[in-house]
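4 protein chains.
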Amino acid sequence: MLRYLCAGESHGKGLVAIVEGMPSNIPIDINRINEDLKKRQQGYGRGNRMKIEKDKVEIITGVRDGKTLGTPLTIVIKNIDYKNWTNVMGIEKLENQQKKILEPRPGHGDLVGALKYNHKDIRNVIERTSARETAIRTAVGSIAKQLLSKFNIQIISHVLSIGEVKYKFTDKDIFKFKNLIEESCLRCIDTNVEKEMIDEINEAKRKGDSLGGSFEVIVKGVPVGLGSYSHFDRKLDGTLAQGIMSLQGIKAVEIGEGIDGITNPGSKFHDEIQYSIEKGYYRNTNMAGGIEAGVSNGENIIIKGHMKPIPTLTQPLKTVNMFTKEEKEAVVERSDNCAVPSASIVAEGICAFIIAKEMVDKFGGDSIEEMMLNYKSYMNYLRER
Amino acid sequence: MLRYLCAGESHGKGLVAIVEGMPSNIPIDINRINEDLKKRQQGYGRGNRMKIEKDKVEIITGVRDGKTLGTPLTIVIKNIDYKNWTNVMGIEKLENQQKKILEPRPGHGDLVGALKYNHKDIRNVIERTSARETAIRTAVGSIAKQLLSKFNIQIISHVLSIGEVKYKFTDKDIFKFKNLIEESCLRCIDTNVEKEMIDEINEAKRKGDSLGGSFEVIVKGVPVGLGSYSHFDRKLDGTLAQGIMSLQGIKAVEIGEGIDGITNPGSKFHDEIQYSIEKGYYRNTNMAGGIEAGVSNGENIIIKGHMKPIPTLTQPLKTVNMFTKEEKEAVVERSDNCAVPSASIVAEGICAFIIAKEMVDKFGGDSIEEMMLNYKSYMNYLRER
Amino acid sequence: MLRYLCAGESHGKGLVAIVEGMPSNIPIDINRINEDLKKRQQGYGRGNRMKIEKDKVEIITGVRDGKTLGTPLTIVIKNIDYKNWTNVMGIEKLENQQKKILEPRPGHGDLVGALKYNHKDIRNVIERTSARETAIRTAVGSIAKQLLSKFNIQIISHVLSIGEVKYKFTDKDIFKFKNLIEESCLRCIDTNVEKEMIDEINEAKRKGDSLGGSFEVIVKGVPVGLGSYSHFDRKLDGTLAQGIMSLQGIKAVEIGEGIDGITNPGSKFHDEIQYSIEKGYYRNTNMAGGIEAGVSNGENIIIKGHMKPIPTLTQPLKTVNMFTKEEKEAVVERSDNCAVPSASIVAEGICAFIIAKEMVDKFGGDSIEEMMLNYKSYMNYLRER
Amino acid sequence: MLRYLCAGESHGKGLVAIVEGMPSNIPIDINRINEDLKKRQQGYGRGNRMKIEKDKVEIITGVRDGKTLGTPLTIVIKNIDYKNWTNVMGIEKLENQQKKILEPRPGHGDLVGALKYNHKDIRNVIERTSARETAIRTAVGSIAKQLLSKFNIQIISHVLSIGEVKYKFTDKDIFKFKNLIEESCLRCIDTNVEKEMIDEINEAKRKGDSLGGSFEVIVKGVPVGLGSYSHFDRKLDGTLAQGIMSLQGIKAVEIGEGIDGITNPGSKFHDEIQYSIEKGYYRNTNMAGGIEAGVSNGENIIIKGHMKPIPTLTQPLKTVNMFTKEEKEAVVERSDNCAVPSASIVAEGICAFIIAKEMVDKFGGDSIEEMMLNYKSYMNYLRER
């Protein structure tokens, strides 16, 4: 079973993850992880911190001579800036009394966190609720992608909307637009729409406001039969929804056609089943987004995430001082005003990990060689059905 | 930790669940479970089977003298009709060769299930992918509600759309419309909209077609601090999304304002924080749907589910015979053409269980008395913050 | 992942388990389960209840036409005697005030259970702490054995000691003594020792006393590589120890030579590694009991359990009335005075389930056919190493 | 729920653990962790590596200003020696072809690991199976102890036997011998026995041989009611057995009187129940080792572990070259010849973590203040029963 735990405060020493259950002998390319980390830091609308700090991953355990050992991997992303924060974020008892953050920002976890964990200084909450945490999830996802690539499973994400600017992508094969997406500062395929989006962001920025938006993750090459209908907690759409919804700022998740699809009557919704000797079973449409009854059906898996606007604004919202109980205006901590492209990269990683976990569950095996033999044996079986 | 496993084939002996981790001494009223089961079977658009079979739960273990023992509960919903299915669904080797189902129905799990589990008879898949399974999840949820009611946590669901007919509910207190909802054959608050929905269903039925739609679950009285931002797999919005998405036919999940909300700029999205001595911290708006940073904030938890049209149609879709590989038309198994109200009841139960699990995690305790003391102690603490 | 939950009170309606994660298409023979249940009920030293009640399992879900469906199995063992207990153990509010059990029996869970779960009637504890619960674990184990038998994995148990009578078994191949063991009323290979054991039991019975003892479970045919050293919670010796120690009355668990072995110096403890073309790697000794570094090494897995004497005595021990706090003598509930052979059968089932879970984890696959292909492919690989 | 993952190769960069689910606001003293690490490295019979390398823990996440944040803790123990191993243990592709280890050592995981994970170089196995991994488990346990100390739960371990030298400790209160134990180079209370043990070790060393032995962990102050009889996987004796058996070299685990106890008849085994107004319920004996029916009963929890002799010998055992299949003599890697005192310290930590997990489960709460209130409320309740 593939599993991981992750940790780290936003201005602490760094972010860490331990990934347990990876088969042995998978080549791990650190550059590919760093590329994903870089993509996460880019995107029009990101603030200054992103420009300063270039995230790099370090592998501490579980890899030797460029390959996984079958033992738990530890990865670390150091906060280069930590040296400037030691008097605030030091592990041991701090010498100087800290100035406490007492005014919770609406839309953040500040208030709930201070109440739940009995924190008198909201700094103790901020440091973990921050989306900085998603850097390590991206890195974990990037390792999962390296497992998936052995099975020709590809994954991509792109932005569908920013604020009120949206467009609908209709081409069946998104992967041929990969370069366009990677070159766009908003991970947007359509350059005209991209321009509108940039204008929207600029306009919001001018007003001291922030924007949300939507993105889509597509996974290609997933074999029929991941997930299961046998027990509700094994359904692949459920676990993907959990993953995406756990991403900071996400308020909605859709599979396949999602909400737009459901206004159709049944006669126009369901993907008819076809067969040819070359392709085996296939469908000409993919309303279902590659998942039926919680099980992958071999078509592209399509999952959409919808992100609320970043809560930190230069136009502050009303709040209350937790010590004096006076009404206050919430402080501004940083200056991103749109993080949708970044979220789409994290979401890629989240989906990659979930699919990798399902692959490990279905095909078993302790080395990549053993897992591959099992996979091939199953693919042969499928061809004969 | 509260957990459960469930089981059962659609035309088998019955559905079963074992629920482990319930505190002791909680009064269990079987009638309340049966009421939820009845609600699940109702709703305009359900077919004939629902009219024949009245689900009743039987408790086998974990309850004595009307109270939980702190030991695992087993609940069973017998299939009254099983006696007519023994020659098809018998547990032991069947005497007569069965007529196999060979043509997978689009939109169902038929094809993926037959391939994943190497079934030559699609009957083996149908029996578990069927939404009949949700009866037992409803019953488990109904037991969870009886735990929640000790803490004055209430839960309700209502239908927001059927096919293209939708409406937006705006009143802040849904619970005062409880009677209206329970009396409506579509769990719809607005009787005019309900009429349109009925027309839509009738029209679809006339055409041999089916409809999907949307529903909303609202949970009131949830204390601040369920879920956690500390680790991504503990975020309450994530676990709720997993639960709802695991329900048959669901293709999208939203928290709070969801997709409609995200087109707003940040200045119009986030719920400002207020304080009064009587109420403590509160908000005048609830765009967030009661969850910030994966943690409950004391406002109503609001979650929406979007259900695709039922795949079984009287106008069949194209498919392929898995034995001969000939193109075929998918068979029709039953005659529901809309199951959204039913899904909304199941979703209530799913949410109830997840919230109950979080309550048990946060407040600990092995008896309801111990749990209640811990809860009260925390509520006192909150009042002093 | 193979998992299960189980439930049931000793004098309630029955015992239930739901087993999730079994591959499809495994033939299930109910008679074999019932045979294990019968063995559990036998053994010299068992009391009268065992003679009255013949446990039979009923499968409710997850099996059709004699084969697993890949869906969760539910199994039930009804308490035939429940009809005489409805006024004591009824699920719904009991009409008549019950006579409460107020005096906890030493050596049982009575006192800790009443305190933990806030029970005023110790009956509420007794009903679940009773070893009656092990009947369902035996049945689950018996299903696991049917999976294992597809891979030629055999399992056997025998009794090593009763009270102070013990003997040491030295022959390398226990399985050739299978008939002797199954025919012995104490699961004892040596008929002379068996006689001494019977005398010991008779003598204890005469004094109103009870006896414990030791047993051994041996599993043959386990492939190299189950369990893992990669993370401590995956070590096979650890999970087996957890399983055996969770059995009622067990106070010690040993792997291989166990405590007797550790007084040896290293030069006389470790099993030297040999190789031949026919056998591959093998060892001439098996001090390690088939597990090195938490991983199966292909030799027989050997695990010993040590069971304390049954706490219920006809010579009662001192206790306290929980209501009056007066010193009392503990009551006698039943008349077994030795249950070691029975425990050894339950332990077989516990080990079988754990090994089956590890097989499913390592070889993956959703049908037995797929799992078997993966297994064979691995066995081929082993031959080439 | 308290949980952790750990990682690290013996000669890699270091050992790491992430601990998730610790309540907030627990003071963490790094020195106390380092003291446990130091104790683990001591003990008569340890080899040279232990003398060179002084383990120190670094906390990376989850602690600020000397207190837990309620977020995951990361702890790291760096391998100071790693700089000398980069050409062997480097993460990225190594420049020079490595000399492979091809001859598996009997008694180690070398052979099973190479086969399971398809490793051609046994170095890939050795690095994780090594008992070096237990340093991080000790550190995790040491953090758990700091939680437990808030509830006055104390934990101690001492050595019961080395090779054939053993003694039986009979005094009821081990904690008054704490200083004696900590000052003994073998964690042995009796200085005469200690001398015999040293002689035994010296004699074995002279012969190039190694020794095993036994230790005992005692936990004092555990409240009644941890663990549960409700479901077999929650029994406290089972989870403790799993923990201890997962420790390198352990081949047997006992609770309370264990194997020695079970030869007693029931009339002499079970701990009679007493009551006084001052103490509440108590027992004058503790054969059960503080656990009845899988639940703590308030008496000291006593658990024994039995460790096989260290497999690495200067008198090598027979093995086979995995490449040539020639018979060989196993190589010697390091020079510990007895590690029982060290194992006893690791076992303390393992037990501490398990008890801490149970405390968190029973008392809930997200901050230590909340958890403490719940604990006190339960202790009050106990006094009234």
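Protein chains in written order, with our numbering: chain A, 13 to 397; chain U, 13 to 397; chain E, 13 to 397; chain Z, 13 to 397. Each residue gets a CB set at the ideal place from its N, CA and C atoms; glycine is no exception.
What residues match up with residue i in a beta bridge as DSSP calls it?
| i | result |
| --- | --- |
| residue 227/U | 171/U, 317/U |
| residue 39/U | 79/U |
| residue 286/U | 294/U |
| residue 31/U | 16/U, 85/U |
| residue 330/U | 341/U |
Work out the CA separation of residue j and residue i for me, nearest whole Å.
| i | j | result |
| --- | --- | --- |
| residue 186/U | residue 57/U | 24 angstroms |
| residue 15/E | residue 89/E | 19 angstroms |
| residue 153/Z | residue 338/E | 41 angstroms |
| residue 146/E | residue 100/U | 33 angstroms |
| residue 176/E | residue 276/Z | 8 angstroms |
| residue 193/Z | residue 76/A | 40 angstroms |
| residue 206/E | residue 334/E | 42 angstroms |
| residue 162/A | residue 182/A | 28 angstroms |
| residue 362/U | residue 69/U | 17 angstroms |
| residue 221/A | residue 119/A | 14 angstroms |
| residue 93/E | residue 25/E | 8 angstroms |
Less than 8 angstroms between CB atoms is the rule here; does residue i satisfy it with respect to chain E?
| i | result |
| --- | --- |
| residue 79/A | no |
| residue 382/A | yes |
| residue 235/A | no |
| residue 129/U | yes |
For chain A, find out if any of its Cβ atoms is closer than 8 angstroms to the Cβ of residue i; answer yes or no.
| i | result |
| --- | --- |
| residue 91/E | no |
| residue 385/E | yes |
| residue 329/U | yes |
| residue 153/U | no |
| residue 147/Z | no |
| residue 179/U | no |
Looking at chain U, is there any beta carbon in it that lies within less than 8 angstroms of the beta carbon of residue i?
| i | result |
| --- | --- |
| residue 125/A | yes |
| residue 308/Z | no |
| residue 321/Z | no |
| residue 82/Z | yes |
| residue 378/Z | yes |
Kindly say whether residue i, judged by its beta-carbon, lies nearer than 8 angstroms to any beta-carbon of chain C.
| i | result |
| --- | --- |
| residue 344/U | Among the protein chains in the structure shown, which are A, U, E and Z, there is no chain C. |
Could one say the Cβ of residue i lies closer than 8 angstroms to chain Z's Cβ atoms, at least one of them?
| i | result |
| --- | --- |
| residue 374/U | yes |
| residue 278/U | no |
| residue 265/E | yes |
| residue 56/U | no |
| residue 229/A | no |
Discussion item. My parser needs the alpha helix (DSSP H) runs of 4 or more residues fully inside the segment 110–179 of chain A; what are they?
Written reply: 122–128, 135–141, 146–161
Item to complete: Let me know the alpha helix (DSSP H) ranges lying completely inside the segment 178–246 of chain Z, each 4 residues or longer, listed in chain order.
Response: 190–195, 203–218
Worksheet item: In chain order, what residues of the segment 93–122 of chain Z put their CB closer than 8 angstroms to some CB of chain A?
Response: 101, 102, 103, 104, 105, 106, 110
Practice prompt. With 7 angstroms as the C-beta to C-beta threshold (strictly closer), list the residues of the segment 202–221 of chain A near chain U in chain order.
Written response: 216, 221
Worksheet item: What are the residues of the segment 25–38 of chain U that lie near chain E, defined by any Cβ-Cβ distance shorter than 9 angstroms?
Response: 25, 26, 27, 28, 29, 30, 31, 32, 35, 36, 37
Discussion item. To be precise: take each residue of the segment 150–174 of chain U, compare its Cβ to all Cβ atoms of chain E, and keep it if any distance is under 9 angstroms. Which residues remain?
Written reply: none
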